[in-house]
Amino acid sequence: VHLIFGNHDEKLERNKENCQSLFSSVNHYLKLEVISKVKPLGFDNFINQRTHLVLSHFPICSWHDMNMGVIHLFGHLHLPSHHKLREGKALDVGVEGNDFKPYSLEDVEHLTFKQPRRNITIPQDHHQI
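Residues in the sequence shown are numbered from 72 upward in steps of one, following the numbering used here.
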């Protein structure tokens, strides 16, 4: 279990009662590769499927390798289910938009599968924006 700090996590950030030791990692922003075993339809053997994620509490407009299809998961907004999927492969995984249940990796992959990758074009010198 990875903890991503939110905007109400002051006690967690101060590591009160060594609570951070309960987690595999503690971050504000995390690039994560999840490897799962899947059996493709029509095949006899399982294969390793790699899912690349960027996790943060707040939604961001640009994230690591977003042009390559990396999925951005965030919370904070408490969006209803019809607004949880954002531009690019960004998804609000707050439980409010999912009948107060957490999302599985399979849910995330299914919901973002048809979303187009997001490409941001900026001037060569980003200071000129």
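Even glycine gets a Cβ: it sits at the ideal position worked out from N, Cα and C.
On a predicted model such as this, the values are computed, not experimentally measured, just so you know.
Report buried or exposed for residue i, applying the criterion of at least 16 other Cβ atoms within 10 angstroms of its Cβ.
| i | result |
| --- | --- |
| Ile131 | exposed |
| Met139 | exposed |
What distance in whole Å lies between the Cβ atoms of residue j and residue i, which are believed to be in contact at a cut-off of 8 Å?
| i | j | result |
| --- | --- | --- |
| Thr122 | Glu180 | 6 Å |
Which residue wins for smallest C-alpha separation from residue i, given the options the options?
| i | options | result |
| --- | --- | --- |
| Asp163 | Val125, Gly140, Arg85, Asp115 | Val125 |
| His154 | Asn78, Asn169, Gly140 | Asn169 |
| Ser175 | Lys82, Asn78, Ser107, His128 | Ser107 |
Would you say residue i and residue j are within 7 Å of each other, going by their C-beta atoms?
| i | j | result |
| --- | --- | --- |
| Val72 | Phe94 | yes |
| Phe76 | Glu84 | yes |
| His135 | Lys102 | yes |
Residue i to residue j, Cα distance in whole Å?
| i | j | result |
| --- | --- | --- |
| Ile167 | Phe117 | Before going on, a small fix: residue 167 reads as Glu here, not Ile. Using only the alpha carbons, I get a separation of about 34 Å. |
| Val105 | Asp178 | 14 Å |
| Val141 | Arg189 | 9 Å |
| Phe145 | Asp115 | 36 Å |
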